[in-house]
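To keep things clear, I will list the structure first and then write my remarks on it.
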Amino acid sequence: MAASATIAAEGGGFPAPGPGIFDLPPVFEIAGIGVTKPMLQLVLAAALVFGFLYVAARQRAMVPGKLQFAGEGAYGFVRNSVARDIIGSHDFQRFVPYLVAMFFFILVNNLFASIPFIQFPTFSRASMAYALAGLSWIIYNAVGIWKHGFLGYLKLQSVPSGVSPAMYPLLVPLEFFSNILVRPVTLALRLFANMFAGHILLVLFATGGLYLVEHVGGIGYVAGPLAWILAVAVAFLEILVQVLQAYVFVLLNAMYIQGALADEH
2 MAASATIAAE GGGFPAPGPG IFDLPPVFEI AGIGVTKPML QLVLAAALVF
52 GFLYVAARQR AMVPGKLQFA GEGAYGFVRN SVARDIIGSH DFQRFVPYLV
102 AMFFFILVNN LFASIPFIQF PTFSRASMAY ALAGLSWIIY NAVGIWKHGF
152 LGYLKLQSVP SGVSPAMYPL LVPLEFFSNI LVRPVTLALR LFANMFAGHI
202 LLVLFATGGL YLVEHVGGIG YVAGPLAWIL AVAVAFLEIL VQVLQAYVFV
252 LLNAMYIQGA LADEH
């Protein structure tokens with residue numbers, strides 16, 4: 002964001018922020034491979050989530066302290082509101098660690114966009130969002146194949162029940178495409194697009210306000226600060242979006258797992 006503000010201050014017309022602001026140079030290299038800021042954020046988020054949950058669960062006192070209380074509340078939210086309610090009371094417990102870890106991993110990476118001196122949403126990089134969706138795709142399909150067998154799972158996901166066989170040539174390809182191929186794409190696209198759009202909007206208001214103040218004059222002295230006020234409002238809205246997207250991603254994962262375990266489609 003600071004780099005974009007510098008560009009805007011140089012004159013020559015307002016350079017509207019675009020996809021180029023996400024092309025960050027490597028921070029350092031390992032064996033000739035550039036390590037970028039989003040890569041470091043992934044590692045940092047994993048360390049923070051593991052450290053918080055480990056420390057919160059280490060004592061396990063009958064009367065919990067503040068950290069244990071926060072950890073149990075965070076764990077219970079995903080366990081009860083997502084895993085148990087969506088997957089069902091018989092099968093949900095074995096998926097709770099995965100869903101808890103995923104929720105807080107995505108949440109921390111999303112919140113990096115609102116933390117000073119970081120201010121970059123990790124999953125605004127499409128490759129990282131699609132990698133996470135790919136992991137989800139492997140897990141819920143593996144769960145379905147483990148329970149129903151390969152052919153049984155394909156039938157469950159591709160052949161809708163209660164439909165005349167005459168409709169199979171039309172519906173089976175659509176069901177296969179929708180349930181097997183499209184889900185990871187839409188899962189990743191929803192997360193990536195929200196993080197991408199929110200970051201561009203914040204940069205637009207911040208750099209646009211600076212340009213109006215420094216280069217327009219007159220009405221720019223009013224419009225510029227107004228743009229900054231809108232940037233602050235959008236920043237608070239983005240925090241809500243960041244939390245919501247983490248919740249939606251995990252909620253859909255639980256729904257896909259439940260669908261893979263179900264006996265009827």
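Taking the working numbering, the leading residue of the sequence shown gets 2, the next gets one more, and so forth. Glycine included, C-beta positions come from ideal geometry on N, C-alpha and C.
| Asked | Found |
| --- | --- |
| Starting from the C-beta of M103, find all residues in its chain whose C-beta is less than 6 Å away, skip the five residues before and the five after it, and write them out in chain order. | V251 |
| Give the straight-line distance between the Cα atoms of Y222 and A255, rounded to the nearest whole angstrom. | 50 Å |
| Whose C-beta lies closer than 8 Å to the C-beta of P185 among residues of the same chain, with five residues either side of it excluded? | Y131, A134, G135, S137 and W138 |
| Would you check if the region 230-241 and the region 105-121 touch, i.e. whether three or more CB-CB distances between them fall below 8 Å? | yes |
| Of all the options V97, S162, G150 and L190, which has the alpha carbon lying nearest to the alpha carbon of F78? | V97 |
| Check for me: the beta strand (DSSP E) holding V164 runs from which residue to which? | From DSSP, V164 is part of no beta strand (DSSP E); its letter is neither H nor E. |
| I'd like to confirm something about I34: is its beta-carbon nearer than 7 Å to some heavy atom of the ligand HEM, or not? | The ligand HEM is not part of this structure, which contains no ligands at all. |
| Measure the C-alpha to C-alpha separation of L182 and N142 and round it to an integer number of angstroms. | 11 Å |
| Does the separation of the CB atoms of F15 and G209 fall below 8 Å? | yes |
| Quick one: what does DSSP say M31 is sitting in, helix, strand or coil? | It is Ile, not Met, that sits at residue 31 in the sequence shown. Looking at I31 - three-state DSSP - the assignment turns out to be strand. |
| Taking C-alpha atoms, which residue in I258, Q42, G163 and V217 lies nearest to F106? | Q42 |
| Would you list the one or two residues that DSSP bridges to V36? | F29 |
| What does the Cβ neighbour count give for I258, buried or exposed, with the cut at 16 atoms within 10 Å? | buried |
| Mind checking A261: buried by the 16 CB within 10 Å criterion, or exposed? | buried |
| In three-state terms, what does DSSP make of S125? | helix |
| So, for R85: in the same chain, excluding its five sequence neighbours on each side, which residues have a beta-carbon less than 7 Å away from its beta-carbon? | F93 |
| Here's a check: name, in chain order, each residue in its chain whose Cβ is nearer than 7 Å to the Cβ of V36, leaving out the five neighbours to either side. | P27, V28, F29 and E30 |
| Please look up how many angstroms separate the CB atoms of A57 and A71, rounded, as I've assumed it's under 8 Å. | 6 Å |
| By alpha-carbon positions, which one of V204, W147, L253 and M129 ends up nearest to G272? | Past the edges of the chain, shown from 2 to 266, lies residue 272, and the structure says nothing about it. |
| In its own chain, which residues sit with a C-beta less than 7 Å from the C-beta of L172, not counting the 5 before and 5 after it? | P161 and V164 |
| Using the beta-carbon count (16 or more within 10 Å), is P18 buried or exposed? | buried |
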